[in-house]
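Undergrad: Mind having a look at this structure? Questions to follow.
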Amino acid sequence: MSARVLIIPGDGIGAEIVAAAQRVLEAVAALDGLELDFQHALLGGAALDAHGDPYPPATRAAAREADAILFGAVGGPRWEQTAVELRPEAGLLALRADLDLFANLRPAQVFAPLADSSSLKPDLVAGLDILLVRELTGGIYFGEPRGIRTRPDGEREGVNTEIYRESEIRRIAQVAFAAAGERGGRLCSVDKANVLEVSRLWRAVVDELAADYPQVELGHLYVDNAAMQLAAAPKQFDVLLTPNLFGDILSDLAAVLTGSIGMLPSASLDGRGGGLYEPVHGSAPDLAGQNVANPLATILSAAMLLRHSLNAPDSAARIEAAVARVLEQGLRTADIATAGQVAVGTAEMGDAVVAALAS
Ligand code: IPM
Ligand code: MG
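Okay, so the sequence shown: first residue is 48 according to our numbering, each after it adds one.
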């Protein structure tokens, strides 16, 4: 039976990077005898323009039917003035919530040939391999009350609510503990328990779970310190567990350590095999339509799709090896090219990965 893969390009560079990744998926499917049935849907600004809704019913129906979703990025200056509930980002958040994609995995790995591309000294990042596990469907992104309201004295105030139920903390912490158990055996939970009650509960629930994972060494860091440690000595970490907002911030930081935010894939999982796979970077409207964006984060996201949703770990590893090989061959998109290196375009990088799949 063929697997249903929903392709959602989104906005900006989304169409180009997703097209490259789809070609890689098709090529690996042909090599490994996988049957993939691709559908396409709109999300974000593209959906808002076409249907007046950043998460239209047709996309919702297709997303619910799919075995896995490959997604590009949403947003852009065109929709900057759009009301918050209709913004492109609201479409992505609605999709994450609708499919209960609570577990966001963001692996930050430095490919050896790119150690020189990092903003940090090469010895600080060479061999870096960390996994950020971000809670994705709760916290301040979704908490009520929210809004901008007018006080009785006529002054406006904005409000958002950081709220976590025990069960939400427990299920994401279990994902992080399990991942740590399969990797280096170390888990660092990130919070702001010196100030926030919600963080104190977060820390308490994570501590309670530790007894179930005796093989995992658990630590805690306040988020400000975690940011500093990530920038100062990132290799001390194995798995980082974060609430939604802290994970958003720290994953951009983790991403850039690897040489370029254009290298970082992600998986957003529902805990039952379904998932949405997307690069961590945004829609880069300034690069859109120019064939210059780096498709590797999306291609590596396609590998995660094969591993986590389609039970095809060998095909996933084949893609990851092909990406490593093209980097070793010296191919670079503009974001990861260093002085003297000639940059290739989005499509050429995708083609190079396809060519490297079979070797
Ligand atoms: C991310 C993005 C999203 C987020 C935006 C586009 C809503 O920054 O996936 O990190 O904040 O989660
Ligand atoms: Mg982000």
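All C-beta atoms in this analysis are idealised placements derived from N, C-alpha and C, irrespective of residue type, glycine included. Remember, predicted model here, so these are calculated numbers, not experimental data.
Give a single yes or no on whether residue 121 has its beta carbon closer than 7 Å to a heavy atom of the ligand IPM.
TA: yes
Undergrad: Quick check on the DSSP output: what are the complete alpha helix (DSSP H) runs of length 4 or more inside the segment 285-356, in order along the chain?
TA: Whole alpha helix (DSSP H) segments, 4+ residues: 291-304, 343-355.
Undergrad: Can you give the Cα-Cα distance for residue 238 and residue 297, rounded to whole angstroms?
TA: Cα to Cα, the separation comes out at about 12 Å.
Undergrad: Please tell me whether residue 224 and residue 263 are closer than 8 Å, where the distance is taken between their beta carbons.
TA: Contact: yes.
Undergrad: Starting from residue 107, trace the beta strand (DSSP E) both ways and give me its first and last residue.
TA: Segment 104-112 is the alpha helix (DSSP H) holding residue 107; no beta strand (DSSP E) there.
Undergrad: Going by DSSP in three states, residue 55 sits in which element: helix, strand or coil?
TA: In the structure shown, residue 55 sits in a strand (DSSP, three-state: E or B).
Undergrad: Is the beta carbon of residue 93 closer than 8 Å to that of residue 58?
TA: With respect to the 8 Å criterion, residue 58 and residue 93 are classified as neighbours on the basis of their beta carbons.
Undergrad: Mark residue 90 as exposed unless 16 or more other C-beta atoms lie within 10 angstroms of its C-beta, in which case mark it buried.
TA: buried
Undergrad: State whether the segment 143-159 contacts the segment 306-324, with contact taken as three or more CB pairs (one from each stretch) at a distance under 8 Å.
TA: yes
Undergrad: Kindly indicate which three-state DSSP category residue 69 falls into: helix, strand or coil?
TA: helix
Undergrad: Taking residue 384 as part of the alpha helix (DSSP H), name the residues at either end of that continuous run.
TA: Unbroken run through residue 384: none, as it is neither H nor E.
Undergrad: By alpha-carbon positions, which one of 202, 56, 217, 70 ends up nearest to residue 402?
TA: 70
Undergrad: Does the separation of the CB atoms of residue 74 and residue 83 fall below 8 Å?
TA: no
Undergrad: Report buried or exposed for residue 378, applying the criterion of at least 16 other Cβ atoms within 10 angstroms of its Cβ.
TA: By the neighbour-count definition (other C-beta atoms within 10 Å, threshold 16), residue 378 is a buried residue.
Undergrad: Restricting to Cα atoms, I'd like to know which of 122, 193, 327, 317 is closest to residue 101.
TA: 122
Undergrad: Any chance the CB of residue 140 is under 7 Å from a heavy atom of the ligand IPM?
TA: yes
Undergrad: Could you tell me the alpha carbon to alpha carbon distance between residue 212 and residue 375, rounded to whole angstroms?
TA: 46 Å
Undergrad: Using 8 Å for Cβ pairs, my map puts residue 330 next to residue 81. What's the rounded Cβ distance?
TA: At roughly 29 Å, the Cβ-Cβ gap does not stay under 8 Å, so residue 330 and residue 81 are not in contact.
Undergrad: My output table needs one value for residue 204: the three-state DSSP class, helix, strand or coil.
TA: strand
Undergrad: My guess is that residue 105 and residue 130 are in contact by the Cβ rule of under 8 Å, so how many angstroms apart are they, rounded?
TA: Your pair residue 105 and residue 130 does not check out as a contact, with CB atoms roughly 22 Å apart and the cut at 8 Å.
Undergrad: Would you report the Cα separation of residue 201 and residue 243, rounded to the nearest angstrom?
TA: Near 29 Å, if we compare the C-alpha coordinates of residue 243 and residue 201.
Undergrad: Got a sec: does the ligand IPM put a non-hydrogen atom nearer than 7 Å to the Cβ of residue 190?
TA: no
Undergrad: As a quick exercise: from 285, 326, 208, 307, pick the residue whose alpha carbon is nearest that of residue 61.
TA: 326
Undergrad: Please determine, among 344, 386, 304, 316, the residue with the shortest C-alpha to C-alpha distance to residue 142.
TA: 316
Undergrad: CA-CA distance, residue 165 and residue 305?
TA: 6 Å
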